[in-house]
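If you read the sequence shown in UniProt numbering, its first letter stands for residue 1, the second for the next number, and so on.
Beta carbons: idealized from backbone N, C-alpha and C, even for Gly.
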Amino acid sequence: MDVFTRSYVEQTATGDPFRSREAFGERFDAYTRGSGFDLVVGYISGAAVGQSWGWPLGPDSAWWGGLQLDDAAEDQAAFVAEDGARTFALSEIMVDVDHAGQGYAHALHDELLKARTEQRGTLLVKPDNERAYGAYRRWGWSRVGTLTPGWDHAPTFDVLIRPLG
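Below, the structure is given as structure tokens:
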């Protein structure tokens with residue numbers, strides 16, 4: 001929880017209920033109950049300065065609920081079909097503000113994804129998060145649509161995809 005607090009100083013200060021410590025804690029607890037949850041934590045001099053996590057999407061995953069694909073010709077049913085081995089959901093990358101902009105997010109991203117066996121990865125990013133969006137594009141992610149998750153107070157995100165393996 002400390003890395004979250006130090007990473008999202010500005011966002012938590014806005015009072016947005018979605019960005020509160022409590023809401024984050026509830027989402028994180030739900031994430032860790034899923035099969036295949038994977039977490040990478042970055043340390044400097046013994047102190048955690050960043051973390052990244054995700055999990056493979058299973059057949060009953062709610063991840064794709066509310067998806068609006070950009071390409072209307074895309075077969076949405078085929079796009080969202082999951083078997084636990086097709087798609088890895090990269091749920092979060094966070095680095096505390098004192099270490100932001102120094103390559104730690106990229107290192108956490110790469111460490112989390114390097115041994116994944118799924119065909120593709122997906123992540124959600126707020127369209128106005130220019131810093132993260134730019135990094136994801138540089139790291140090979142492409143937008144395929146938008147999605148508003150079923151969480152309380154959830155914003156609409158852009159959905160990005162990247163081949164893995």
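In the DSSP annotation of this structure, the continuous segment of the beta strand (DSSP E) that includes Leu147 starts and ends at Ser142 to Leu147. Annotation: Gln68 to Gly46 spans about 43 Å, alpha carbon to alpha carbon. Annotation: the segment 24-85 contains the following complete segments of the alpha helix (DSSP H) (minimum length 4 residues), in chain order: 76-80. For Gln102 against Leu164, the beta-carbon gap comes to about 25 Å, at or over 8 Å, which does not count as contact.
Between Ser52 and Leu112, the CB-CB gap stays under 8 Å. At the C-beta level, Arg137 and Val159 stay beyond 8 Å of one another. For Ala105, the enclosing alpha helix (DSSP H) starts and ends at Tyr104 to Leu113.
In the structure shown, Asp158 adopts extended strand secondary structure according to DSSP, grouped into three states. DSSP lists Phe88 and Arg162 as the bridge partner or partners of Gly121.
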